[in-house]
Amino acid sequence: MHEGANDEGDDPALLDLSKGRLVRDPREPTLRRSLEALSRRPDLDRLVDFYQPAAGMARHRAAGASWVARSGLETDADRVVITSGAQHAAAVVLAAITRPGDLVLTEEVTYAGIKSLAGLLHLQLRGLPLDEDGLKPDAFEAACRSGAPRALFCMTNLQNPTGRTMPLARRREIAAIASTHDVALVEDDVNGFLPTDPLPPLAQLAPAQTYYISGTSKSLAPGLRLGYVVAPAHRVERIAATIRASTWLTSPILAELVTGWIESGEADEMVAWKRSETAARHALAEEILAPWLSPGPVSFHRWLPLPEPWRTETFVAQARARGVMVTPSEEFMIGRDSAPHAVRVCLGATLSRDRLEEGLRRLAMLLAQGPEPSLAVY
211 MHEGANDEGD
221 DPALLDLSKG
231 RLVRDPREPT
241 LRRSLEALSR
251 RPDLDRLVDF
261 YQPAAGMARH
271 RAAGASWVAR
281 SGLETDADRV
291 VITSGAQHAA
301 AVVLAAITRP
311 GDLVLTEEVT
321 YAGIKSLAGL
331 LHLQLRGLPL
341 DEDGLKPDAF
351 EAACRSGAPR
361 ALFCMTNLQN
371 PTGRTMPLAR
381 RREIAAIAST
391 HDVALVEDDV
401 NGFLPTDPLP
411 PLAQLAPAQT
421 YYISGTSKSL
431 APGLRLGYVV
441 APAHRVERIA
451 ATIRASTWLT
461 SPILAELVTG
471 WIESGEADEM
481 VAWKRSETAA
491 RHALAEEILA
501 PWLSPGPVSF
511 HRWLPLPEPW
521 RTETFVAQAR
531 ARGVMVTPSE
541 EFMIGRDSAP
551 HAVRVCLGAT
561 LSRDRLEEGL
571 RRLAMLLAQG
581 PEPSLAVY
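And the structure:
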């Protein structure tokens, strides 16, 4: 078995490549050791006996500023607000800057969680077309002129589900359009820690327009549920007030745990391991699925366009019959337009590389054979 294997919880009869989970480094019991050290600290009571500021404690916010700097965003700690994960961060930002009925733009194929938030906050959601460089500026410009959108929600790095990264020139175009039309930018950069030479985020190019979201679910561990919002300076208190209204504050103990990892360098060690493991899995996918995949940046997931005559629902069903689960494109679609014939294949989860390889080879065999004829209709 390859190094980095972690099969805990896997159903041996089913290879689940549909979940956006991340493999965890099994070699270092960092969490257990850190919790034990935290429990022995003489100032532990301070973290639980008193309500702390809704935006977070000063030291935790400083650690957050240090953390997002690793993804290319240089910012002051007083612009950082601590949240209970990136999903909570997105909910807080949208609740703070919109009202029911407002129009929010996003990519036409995007992170499914934004649909849940739009429903919760009673927002209109409109998808904009993508090309190989991400969100198309002309479509964004046209939507700004015709629909008076309140915000654009987008992912500039390793977009979920397509895996595309927006180049610098495209980022500048999007930032300029948002500034011209006074449209808020909500930049979800939970994958921004993976690139080793990150591009400037939208929040660096248009700081007065952009609410930048980062978190620890992908980079460290999904159960931590700690996130960061870097808000425009004049909107920080509004974001903090929305946190007070939703959860009062993020757990200071959780923030202290992550802050300790950031300050000690342990967080960087975890990220380095994840980068290495993800690169190995990414290379495996590109090798096995080479006839159907174009080369792309290292990512936790791959967007697999299906060749003729495959239809998405047929491929998903026949892959499941062969013991492999993948996510259909329909799950990521905004609006009622026809979804592309494609699936998302997740390369992480708790699977060993050997099990991942087995699942990828089953998919490759299925693609090579083509769809089995259906006898359900005659």
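Residues in the sequence shown are numbered from 211 upward in steps of one, following my numbering. C-beta: ideal position from N, C-alpha, C; glycine also. Given the structure is predicted, the values throughout are model-derived calculations rather than measurements.
Hey, residue i and residue j: beta-carbon distance below 7 Å or not?
i: residue 333; j: residue 317; result: no
i: residue 250; j: residue 441; result: no
i: residue 493; j: residue 231; result: no
i: residue 502; j: residue 373; result: no
i: residue 400; j: residue 428; result: yes
i: residue 480; j: residue 430; result: yes
i: residue 299; j: residue 437; result: yes
i: residue 296; j: residue 472; result: no
i: residue 495; j: residue 404; result: no
i: residue 302; j: residue 421; result: no
i: residue 416; j: residue 388; result: yes
i: residue 536; j: residue 228; result: yes
i: residue 264; j: residue 454; result: yes
i: residue 225; j: residue 470; result: no
i: residue 371; j: residue 343; result: no
i: residue 375; j: residue 507; result: yes
i: residue 476; j: residue 322; result: no
i: residue 276; j: residue 460; result: no
i: residue 369; j: residue 283; result: no
i: residue 521; j: residue 551; result: yes
i: residue 257; j: residue 466; result: yes
i: residue 549; j: residue 539; result: yes
Can you tell which of the options has the C-alpha that lies nearest to the C-alpha of residue i?
i: residue 255; options: 342, 506 and 462; result: 462
i: residue 423; options: 470, 376, 563 and 412; result: 412
i: residue 329; options: 314, 367, 343 and 338; result: 314
i: residue 528; options: 553, 541, 510 and 511; result: 553
i: residue 406; options: 294, 509 and 456; result: 509
i: residue 305; options: 287, 326, 321 and 277; result: 326
i: residue 432; options: 497, 241, 381 and 377; result: 241
i: residue 419; options: 426, 335 and 446; result: 446
i: residue 577; options: 380, 478, 518 and 379; result: 518
i: residue 545; options: 357, 258, 302 and 336; result: 336
i: residue 534; options: 566, 474 and 511; result: 566
i: residue 581; options: 568, 532, 541 and 539; result: 532
i: residue 291; options: 370, 269 and 390; result: 269
i: residue 606; options: 474, 539, 457 and 498; result: With the chain covering 211 to 588 only, the question about residue 606 has no answer from this structure.
Which class does residue i belong to by DSSP, given the choice of helix, strand or coil?
i: residue 537; result: strand
i: residue 319; result: strand
i: residue 395; result: strand
i: residue 213; result: Because residue 213 carries a pLDDT of 38, less than 50, the predicted location of this residue cannot be relied on, and no value is offered for it.
i: residue 575; result: helix
i: residue 528; result: helix
i: residue 361; result: strand
i: residue 407; result: coil
i: residue 348; result: helix
i: residue 425; result: strand
i: residue 515; result: strand
i: residue 341; result: strand
i: residue 569; result: helix
i: residue 313; result: strand
i: residue 480; result: helix
i: residue 225; result: strand
i: residue 587; result: In this prediction, residue 587 scores a pLDDT of 48, lower than 50, which makes its location untrustworthy; no coordinate-derived value is stated.
i: residue 374; result: coil
i: residue 400; result: coil
i: residue 500; result: coil
i: residue 448; result: helix
i: residue 334; result: strand
i: residue 433; result: helix
i: residue 508; result: coil
i: residue 491; result: helix
i: residue 522; result: helix
i: residue 420; result: strand
i: residue 219; result: Confidence is the limiting factor: at residue 219 the pLDDT is only 47, short of 50, which leaves the residue's position unreliable, though a coordinate-based value still follows. Residue state, collapsed to three classes: coil.
i: residue 546; result: coil
i: residue 328; result: helix
i: residue 306; result: helix
i: residue 552; result: strand
i: residue 369; result: coil
Say yes only if the C-beta of residue i is nearer than 6 Å to one or more non-hydrogen atoms of the ligand MN, and no if none qualify.
i: residue 300; result: You won't find the ligand MN in this model; it holds no ligand whatsoever.
| Between the region 517 to 526 and the region 570 to 581, do at least 3 Cβ pairs fall closer than 8 Å? | yes
| query | Do the region 388 to 401 and the region 359 to 376 touch if we need at least three Cβ pairs shorter than 8 Å? | reply | yes
| message | Quick check: the region 340 to 350 against the region 482 to 501, are at least 3 beta-carbon pairs closer than 8 Å? | response | no
| query | What alpha helix (DSSP H) runs, 4 residues minimum, are completely inside the region 227 to 298? | reply | 240 to 249, 254 to 259 and 268 to 279
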